[in-house]
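Sequences listed follow chains A and B, in order. In our numbering, each residue carries its 1-based index in the first sequence increased by 746. In our numbering, each residue carries its 1-based index in the second sequence increased by 105. All C-beta atoms, glycine included, are put in the ideal place defined by N, C-alpha and C. Reviewing the structure listed below.
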Amino acid sequence: MGLKRLRGSIRQAIVFALFVGLLMAAYSAYKGFGQSIDDAQTDWPVVGSILPRTDDLTMPSVLEIIAGVFDAPRGLDEAFGSIVLREAAFTLREAAVGFSAGVIVGLAIAIVLSSSRLLERALVPHVIASQTIPLIAIAPIVVIWGRKNMDFLPWEWHDWMSVSLIATYLTFFPVAINGLRGLHSPSSEALELMDSYAARRGQTLWRLRLPASLPYLFSAFKIAATASVVGAIVGEISAGVTGGLGRRILLEAQRYTTGPERLYVAVLGAAALGIFVFLCISLLEYSLVRRKGTEAIL
Amino acid sequence: MTAESVTSERMPAVEIRGATKVFNPGEANEVLALDNIDLNVGAGDFVTLIGPSGCGKSTLLRLVAALVDSTSGTVLVNGKSADQARLDRDYSMVFQKAGLFDWRDVSRNIELPLELMGWRAADRRRRSKEMLELVKLEDFAHHHPLELSGGMAQRVAIARAMSFEPALLLMDEPFGALDEMTREHMQNELLRIWSETETTVIFVTHSISEAVFLSTKVVVMSPRPGRIAAVIDNDLGTRDDTARDAPQFFANVSAVRKVLRAGESQ
Ligand SMILES: Nc1ncnc2c1ncn2[C@@H]1O[C@H](COP(=O)(O)OP(=O)(O)OP(=O)(O)O)[C@@H](O)[C@H]1O
Ligand SMILES: [Mg+2]
């Protein structure tokens, strides 16, 4: 059993490596193609007019990008990769706090709404409407609000907490919606069974509705986890918070001409962070819900 | 023995007086599911309810379980209102689908009602072991519901239902989804458990032979509106596989069939 699983993981790792290699090859191929159109300085028939040209500035080579991970930016003696790692850790904290708060808020909403059809019908449209407000619009408000109005809290409010709040705004939604579906998922027989045992509402929630919701919740958690990273990065960028991957991406975009590969490294770092949190949730799901026969996506 | 305990022994487990159930009253889809039902079930009886689909067997069972309210009439269980009996955990239900929680192993499924009643973990564990012995699944305590056959799952459901030793067992076509061989085996098992535990059983079935083999009393129902067509006392003496071939068995089967036919042709 263990060996089988190990072999499965090795196979998945090989597939993943092949996929990354394929991506790099495709990137390099397009780079070569786009550059040769550019070098020819003529629009190739058909493709030349629809496909964008490239050059070393817009598409640094794969080797340059890899080198960008290990090179230290001018004036510093720290590899850029390690700087990105530090920024990623900063963003991860914002995302993790935002995610956790989002899960709590989302679950609370789901539990309250599932307790009454009337509440559900009245409030679900509002929950959905909340997501139509663009993140870019609320981010600065949240940060300003955080700086001015959070002094009633027993702890000191930092800007990164405002970014977490923005991430929460993205994460509570899938948790609330999927959670609601999950809480409604038990069959009427299962609910009657609990009634026949004279189970209290809380007991039915804890021993039936919530466990039955786990598969629904975990698919929401996976969406929410990646969304929390996106929320944190967008929050950092649009709120002008110092620190984090979003900030780094903005910075490297401003000095793009002197080091395009660094922007690529920062963006890839953001992607890696998203994959990382996704895998963390998958792993948690695997250890918790494995019994149901669900496979972790690894 | 005191006079009081004699009367409580005599007290019927279930007493239904003029029970009527109307679903969706006053609406276009109004259904008179049960019409003026009178029924007594004595303590220790094994009563089967039989009748064509839609005649209100499940509804009658749910009325006893207080999972639906009667529109009029009274339902007493152990001398109290059905709902009080539910709150006192006087009965347990078994459905056609085993309805095991697949995030719990077999043993913890059996412990579910005990958890709800606040039993200590060690006591729950011990009882669940006893129950697994009762249904002969000792080796499957830590198996998963998805790994069980239909018959095994239903045995776990029965173990779960019996775990807190309810006085009354309400079963709604519990063997309906099983093949004939498993079904006969389960019938034998249920009778063994019934005689070992002295539980009162109300058992819904579509099968005439099942009703006759299992019960001390067969209640035949007729549809639209649901009424009791006949109550047939059914004394087979010892119930084992030889009883399935006894002349008395076949005589009672035809008696039940006759009443069912009469109800249909009305
Ligand atoms: N929740 C409900 N709402 C409305 N009508 C119902 C409800 N439950 C049962 N009925 C109706 O009551 C009648 C009796 O249903 P019931 O389920 O008790 O029959 P049954 O004898 O158990 O049938 P079956 O043998 O098919 O299980 C049917 O006409 C059914 O449509
Ligand atoms: Mg039924």
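V136 of chain B beta carbon near ligand 1 (any heavy atom closer than 7 Å): Counting from one through the second sequence, the residue named residue 136 of chain B turns up at place 31. Correct: V136 of chain B has its Cβ closer than 7 Å to ligand 1.
Jot down the residue ranges of each uninterrupted alpha helix (DSSP H) in the segment 859 to 893 of chain A, minimum 4 residues, whole runs only, in chain order. 863 to 876
Would you report the Cα separation of E982 of chain A and I995 of chain A, rounded to the nearest angstrom? The residue given as residue 982 of chain A occupies position 236 in the first sequence. The residue given as residue 995 of chain A occupies position 249 in the first sequence. Inter-residue distance for E982 of chain A and I995 of chain A is about 10 Å (C-alpha atoms, whole angstroms).
Kindly say whether L1044 of chain A, judged by its beta-carbon, lies nearer than 8 Å to any beta-carbon of chain B. Locating residue 1044 of chain A in the first sequence gives position 298, where the first residue counts as 1. The predicted model places L1044 of chain A with a pLDDT of 36, which falls under 50 and marks its position as unreliable, so this point remains unresolved.
In chain B, what lies closer than 8 Å to L939 of chain A by C-beta? Here residue 939 of chain A refers to the residue found at position 193 when the first sequence is read from its first residue. Going along chain B in sequence order, the residues near L939 of chain A (Cβ under 8 Å) are M198, F200, G204.
The segment 956 to 977 of chain A: positions lying closer than 9 Å to chain B by Cβ: Answer in chain order: P957, A958, L960.
Any Cβ of chain B within less than 8 Å of the Cβ of Q758 of chain A? Translated into the one-based positions of the first sequence, residue 758 of chain A becomes position 12. Not one chain B Cβ lies under 8 Å of Q758 of chain A.
Along the beta strand (DSSP E) that carries G123 of chain B, what are the first and last residues, could you check? Taking the first residue of the second sequence as 1, we reach residue 123 of chain B at position 18. That run of the beta strand (DSSP E) goes 119 to 128.
Under 7 Å between beta-carbons, which chain A residues line up against P218 of chain B? List them in chain order, please. Here the question's residue 218 of chain B lines up with position 113 in the second sequence. Close partners of P218 of chain B in chain A (Cβ separation under 7 Å): Y943.
Nearest chain B C-beta to R953 of chain A closer than 8 Å, yes or no? Here the question's residue 953 of chain A lines up with position 207 in the first sequence. Closer than 8 Å: yes.
Starting from E935 of chain A, find everything on chain B with Cβ-Cβ shorter than 7 Å and list it in chain order. Sequence index remark: in the first sequence, residue 935 of chain A carries index 189 (1-based). Under the 7 Å cutoff, chain B gives F200, K202, G204.
Check whether T304 of chain B and L275 of chain B have beta carbons under 8 Å apart: Residue numbering aside, residue 304 of chain B sits at position 199 when the second sequence is read from its first letter. Residue numbering aside, residue 275 of chain B sits at position 170 when the second sequence is read from its first letter. Contact: no.
Taking contact to mean at least 3 C-beta pairs separated by less than 8 Å, is the segment 134 to 152 of chain B in contact with the segment 325 to 338 of chain B? yes
Quick check on DSSP: helix, strand or coil for T112 of chain B? Locating residue 112 of chain B in the second sequence gives position 7, counting from the first residue. Any reading at T112 of chain B needs caution, since the residue's pLDDT is 42, under 50, leaving its predicted position unreliable; the model's value is listed next. Here T112 of chain B sits in helix by DSSP.
Could you name the residues of chain A that A170 of chain B contacts, counting a contact when the two beta carbons are closer than 7 Å? Here residue 170 of chain B refers to the residue found at position 65 of the second sequence. Per Cβ cutoff of 7 Å: S942.
With distances taken between CB atoms, is the gap from V261 of chain B to I298 of chain B smaller than 8 Å? For the purposes of this step, residue 261 of chain B is taken as the residue at position 156 of the second sequence. For the purposes of this step, residue 298 of chain B is taken as the residue at position 193 of the second sequence. In this structure, I298 of chain B does not lie closer than 8 Å to V261 of chain B by Cβ.
With DSSP as the reference, please indicate the residues paired to A835 of chain A in a beta bridge. Counting from 1 along the first sequence, the entry for residue 835 of chain A is found at position 89. Note: A835 of chain A sits in no beta bridge, so no partner.
For the 8 Å Cβ check, are there 3 or more pairs between the segment 225 to 235 of chain B and the segment 304 to 313 of chain B? Under the Cβ criterion (8 Å, minimum of three pairs), the segment 225 to 235 of chain B does not count as touching the segment 304 to 313 of chain B.
Output the boundary residues of the alpha helix (DSSP H) element that contains L239 of chain B. Residue mapping note: residue 239 of chain B aligns to position 134 of the second sequence, counting from 1. Where L239 of chain B is concerned, the enclosing alpha helix (DSSP H) stretches over 226 to 239.
For K162 of chain B and S327 of chain B, what's the separation of their Cα atoms in angstroms? The sequence position of residue 162 of chain B within the second sequence is 57, counting from 1. The sequence position of residue 327 of chain B within the second sequence is 222, counting from 1. Approximately 10 Å between the Cα atoms of the pair.
Separation of G892 of chain A from L1025 of chain A, as counted between CA atoms: As a position in the first sequence, residue 1025 of chain A is number 279, starting the count at 1. As a position in the first sequence, residue 892 of chain A is number 146, starting the count at 1. In a straight line, the C-alpha of L1025 of chain A is about 31 Å away from that of G892 of chain A.
Residue environment, V761 of chain A, which counts as buried when at least 16 other CB atoms sit within 10 Å: If you number the first sequence from 1, residue 761 of chain A lands on position 15. Exposed, because fewer than 16 other Cβ atoms sit within 10 Å of the Cβ of V761 of chain A.
In chain A, which residues lie less than 8 Å from R194 of chain B when you measure between Cβ atoms? As a working note, residue 194 of chain B is residue 89 in the second sequence. Within 8 Å Cβ-Cβ: Y943, A944.
F354 of chain B in three-state terms, based on DSSP: For the purposes of this step, residue 354 of chain B is taken as the residue at position 249 of the second sequence. Note: F354 of chain B maps to helix in three-state DSSP.
Between R362 of chain B and I155 of chain B, what straight-line distance do the alpha-carbon atoms span, to the nearest angstrom? The count along the second sequence starts at 1 and reaches residue 362 of chain B at position 257. The count along the second sequence starts at 1 and reaches residue 155 of chain B at position 50. Roughly 10 Å between the two C-alpha positions.
Contact check, A170 of chain B vs Y196 of chain B, beta carbons under 8 Å: Position 65 of the second sequence, counting from 1, holds the residue named residue 170 of chain B. Position 91 of the second sequence, counting from 1, holds the residue named residue 196 of chain B. The answer is yes: Cβ separation under 8 Å.
Residues bridged to V808 of chain A (per DSSP): On the first sequence, residue 808 of chain A is found 62 positions in, with the first residue counted as 1. None; V808 of chain A has no bridge partner.
Check each candidate in B:G223, B:A124, B:N339, B:S359 and name the one with the smallest Cα separation from S186 of chain B. For this step, residue 186 of chain B is matched to residue 81 along the second sequence. Ranking B:G223, B:A124, B:N339, B:S359 by Cα distance to S186 of chain B puts B:A124 first.
What separation, rounded to the nearest whole angstrom, lies between the Cα atoms of E824 of chain A and A813 of chain A? Within the first sequence, the letter at position 78 stands for residue 824 of chain A. Within the first sequence, the letter at position 67 stands for residue 813 of chain A. Spanning the two alpha carbons is a distance of roughly 13 Å.
Under the DSSP definition of a beta bridge, which residues are partnered with L137 of chain B? Looking up residue 137 of chain B in the second sequence gives position 32. Note: L137 of chain B sits in a beta bridge opposite B:V127.
Please determine whether the Cβ atom of C160 of chain B lies at a distance below 7 Å from any heavy atom of ligand 1. For the purposes of this step, residue 160 of chain B is taken as residue 55 along the second sequence, with counting starting at 1. Answer for C160 of chain B: yes, Cβ within range of ligand 1.
Inside the segment 239 to 303 of chain B only - beta strand (DSSP E) runs reaching at least 3 residues: 273 to 277
By the 10 Å Cβ neighbour count, where 16 or more other Cβ atoms means buried, how is Q292 of chain B classified, buried or exposed? Residue 292 of chain B sits at position 187 when you count from the first residue of the second sequence. Burial call: buried.
For a contact meaning CB atoms closer than 9 Å, what does Q949 of chain A contact in chain B? Residue mapping note: residue 949 of chain A aligns to position 203 of the first sequence, counting from 1. In chain order: E220, L221.
Considering only residues of the segment 911 to 960 of chain A, which uninterrupted alpha helix (DSSP H) runs meet the minimum length of 4 residues and lie entirely inside it, listed in chain order? 934 to 942, 947 to 950
Given a cut-off of 8 Å, decide if A936 of chain A and G204 of chain B are closer than it, judged by their beta-carbon atoms. By 1-based counting over the second sequence, the position of residue 204 of chain B is 99. By 1-based counting over the first sequence, the position of residue 936 of chain A is 190. In this structure, G204 of chain B lies near A936 of chain A, with their beta-carbon atoms less than 8 Å apart.
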